[in-house]
Amino acid sequence: MISEMGRRSWLMLGAGLVAGAVLGGTMPAALRPSAATSGELVIVSGVEDGEGGARQALIDLWNQTHPDRLARIELVSGSADEQHDAMIRYAKGEEPVKADILNLDVTAIAEFAEFGHIAEWPAGATPRQLLAELLEKPRESCYYRGKLWALPFNADAGVLFARRGLLRPPPPTTPAAFTWTDIVAQRPPAGSATPRAAFAGQLDGYEGLTVNALEALWTVEMERGSAVGHPLGVSTDPAIWSTAVARLYGTPGDPGVVDPGSTAYRESETTEEFLHKRVVFMRNWPVAFRTLVEDSDQRATVAAADIVMTPLPGPGVLGGQNLAVVSGSSRGDDARDLITFLAGEPSQRLLMQVGGFAAATGATYDRDEIRAAHPYAVTIREAIRHSRQRLQTPYYPRFSEEIRTLVAEIRQNGGTMTADGLRQRLLDASLGRLAPR
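Written as structure tokens, this is what we have:
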């Protein structure tokens with residue numbers, strides 16, 4: 086966590102940005118004095134993924150500048166499914182704490198909008214200037230059925246990490262990108278322990294497996310020159326699925342490409358393998374860079390110069406969280422002001438600089454202080470620009486589960502699914518027709 090001295094410095098920087106906005110006459114509505122309203126604004130959020138307690142520090146800054154509209158974060162823990170269920174309870178008012186804002190994964194916007202858990206952004210209060218400042222993909226994730234429901238707290242997109250010192254032969258310059266063929270070529274010799282494999286992803290039975298599967302499917306499809314823009318967000322060609330699944334887990338006759346431990350890895354385990362030089366490449370989110378290079382009493386670190394971050398061989402999945410107003414909140418206007426403050430460029434800049442979050446505002450990536458703190462800022466922005474959304478459906482949890490089920494079946498039986506069978510199963514899951522397995 087950020088030190089108290091660091092927190093004070095951070096808040097001073099943020100206060101300076103606010104003061105600059107006031108003096109320059111550009112103070113957004115969310116920062117202007119307001120009439121007092123009783124009670125705290127409550128944001129329900131999962132545990133912070135970034136470093137330094139940046140989100141809480143940003144709430145502290147809001148509270149310093151809005152003593153009449155104090156806010157706090159109500160944390161929910163547990164697995165992704167447990168957090169999802171908790172968010173629904175808060176939205177329905179079934180928890181003792183009454184929520185005003187939900188910090189939702191980008192995939193949850195369709196569900197929470199469709200079933201009335203979050204409020205549509207009033208047309209007359211649309212923050213048009215802020216929307217224009219957002220990168221296209223994070224902005225699109227805030228819409229459902231053509232209506233605005235949320236604003237980004239942070240963006241995200243899958244990227245590829247490489248250990249420069251493990252690459253053979255050593256590259257004369259920093260590579261701008263790697264193909265899957267490049268990754269395969271870095272397989273270590275039999276019996277090697279550091280590294281023991283060329284690549285590790287996240288293949289444990291959770292949303293990370295869905296993300297890795299989608300990225301593999303999109304990459305194989307791109308390599309084959311197949312058409313894009315499928316109604317279900319993914320190809321239904323059995324050959325593409327078979328190739329993608331083989332790539333995820335590695336083929337039996339080609340050991341050393343994929344770390345076999347990946348079947349139990351989530352993001353933290355993959356980062357540990359990469360940290361200790363057991364893999365040359367890893368697929369992860371940009372925030373892993375800060376995790377790798379910052380000092381910790383619990384772990385070793387990697388010299389920043391030994392890390393290469395590039396886009397994935399194909400499109401990455403768009404990640405991130407969006408802030409939405411709970412339908413039952415009695416303080417919708419105040420909640421929208423707070424969301425606008427958190428989504429604005431000054432806040433996005435501080436979240437990225439201190440917490441390592443990927444900013445949703447495009448201009449943030451051109452700032453000198455961001456490029457100094459994040460040598461791969463441009464890479465992150467390009468990864469977000471070329472990312473793809475997961476399917477927007479109110480039944481996304483079922484759709485995601487069906488993708489994982491299909492991956493397991495193809496891995497087990499070698500792929501006997503027909504194109505019509507794939508299409509029907511994915512369609513049924515997207516419409517919520519299939520019961521959970």
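The sequence shown finishes on residue 522 if you use our numbering, and the numbering steps up by one all the way, no holes.
Cβ coordinates follow ideal geometry from the N, Cα and C atoms, glycine included.
#1: So is the beta-carbon of residue 281 under 7 Å away from any non-hydrogen atom of the ligand NAD?
#2: In chain order, what residues of the same chain have a beta carbon less than 6 Å from the beta carbon of residue 118, not counting five sequence neighbours either side?
#3: On the premise that residue 219 lies in contact with residue 445, defined as a C-beta separation below 8 Å, what is that separation, rounded to the nearest angstrom?
#4: Which term fits residue 437, buried or exposed, when burial requires 16 or more other beta carbons within 10 angstroms of its beta carbon?
#5: So is residue 400 buried or exposed if we call it buried at 16+ other beta carbons inside 10 Å?
#6: Do residue 348 and residue 288 have their C-beta atoms closer together than 8 Å?
#7: In terms of alpha-carbon separation, which member of 145, 412, 507 lies closest to residue 201?
#8: For a minimum of 4 consecutive residues, which ranges assigned as the alpha helix (DSSP H) are wholly contained in the region 414–490?
#9: Relative to the alpha-carbon of residue 464, which residue among 365, 457, 301, 450 has its alpha-carbon at the smallest distance?
#10: Rounded to a whole number of angstroms, what is the C-alpha to C-alpha distance between residue 512 and residue 478?
#11: Since residue 161 sits in a beta bridge, which residues does DSSP pair it with?
#12: Taking the alpha-carbon of residue 523 as reference, which of 264, 139, 292 has the nearest alpha-carbon?
#13: How long is the line joining the alpha carbons of residue 398 and residue 351, rounded to whole angstroms?
#14: When you compare the CB positions of residue 443 and residue 185, do they come within less than 8 Å of one another, or not?
#15: Any idea what DSSP makes of residue 399, helix, strand or coil?
#16: Output needed for residue 207: all residues of its chain with C-beta closer than 6 Å, excluding positions within five of it in sequence on either side, in chain order.
#17: For residue 483 versus residue 514, is the C-beta spacing smaller than 8 Å?
#18: Nearest-angstrom Cα distance between residue 153 and residue 147?
#19: Check residue 393 in the structure and name its three-state DSSP category.
#20: What is the rounded straight-line gap between the Cα of residue 495 and the Cα of residue 327?
#21: At which residue ranges does the region 254–295 contain complete alpha helix (DSSP H) runs of 4 or more residues, listed in the order of the chain?
#22: Just list the beta strand (DSSP E) runs in the region 197–238, keeping only unbroken ones of 3 residues or longer that don't cross its boundaries, in chain order.
#23: Tell me which same chain residues have a C-beta within less than 6 Å of the C-beta of residue 423, skipping the five on either side of it?
#24: Rounded to a whole number of angstroms, what is the C-alpha to C-alpha distance between residue 164 and residue 257?
#25: Please confirm whether residue 173 and residue 128 have their CB atoms less than 8 Å apart.
#26: Could you tell me which residues DSSP puts in a beta bridge with residue 408?
#27: Residue range of the beta strand (DSSP E) that residue 245 falls in?
#28: If we count the other Cβ atoms within 10 Å of its Cβ and call it buried at 16 or more, is residue 223 buried or exposed?
#29: Are the beta-carbon atoms of residue 356 and residue 376 separated by less than 8 Å?
#30: My understanding is that residue 365 touches residue 247, with C-beta atoms under 8 Å, so please give their C-beta distance in whole angstroms.
#31: Taking residue 368 as part of the beta strand (DSSP E), name the residues at either end of that continuous run.
#32: Count the other CB atoms within 10 Å of the CB of residue 409; is the residue buried (16 or more) or exposed (fewer)?
#33: Could you check what DSSP says for residue 342 in three-state terms: helix, strand or coil?
#34: Buried or exposed: which applies to residue 528, given that a residue is buried once 16 or more other Cβ atoms fall within 10 Å of its Cβ?
#35: List the residues that DSSP assigns as beta-bridge partners of residue 241.
#36: Taking the Cβ atom as the reference point for each residue, do residue 406 and residue 238 lie within a distance shorter than 8 Å?
Put simply:
#1: Among the components of this structure there are no ligands whatsoever, and the ligand NAD is therefore not found.
#2: Because the pLDDT at residue 118 is just 43, under 50, the model does not fix this residue reliably, and the value given afterwards should be weighed accordingly. Excluding sequence neighbours, residue 118 sits near nothing in its chain.
#3: 5 Å
#4: buried
#5: Flag for residue 400 reads buried.
#6: yes
#7: 412
#8: Correct list: 417–428, 430–440, 453–458, 462–470.
#9: Closest option to residue 464, Cα to Cα, is 450.
#10: 11 Å
#11: Answer is 131.
#12: Here the chain has residues from 86 to 522 only, and residue 523 is not among them.
#13: 20 Å
#14: no
#15: Coil, per DSSP.
#16: Listed in chain order, the non-local C-beta contacts of residue 207 below 6 Å within the same chain number zero, local neighbours out to five positions each way being set aside.
#17: yes
#18: 10 Å
#19: When secondary structure is reduced to three states using DSSP, residue 393 falls in the strand class.
#20: 7 Å
#21: 265–269
#22: none
#23: The answer, listed in chain order, is 126, 156.
#24: 43 Å
#25: no
#26: 188, 236
#27: 244–248
#28: buried
#29: yes
#30: The Cβ separation is near 6 Å, so the contact holds.
#31: 364–369
#32: Burial call: buried.
#33: coil
#34: An answer regarding residue 528 cannot be provided, because it is not within the stretch 86 to 522 covered by the chain.
#35: 404
#36: yes
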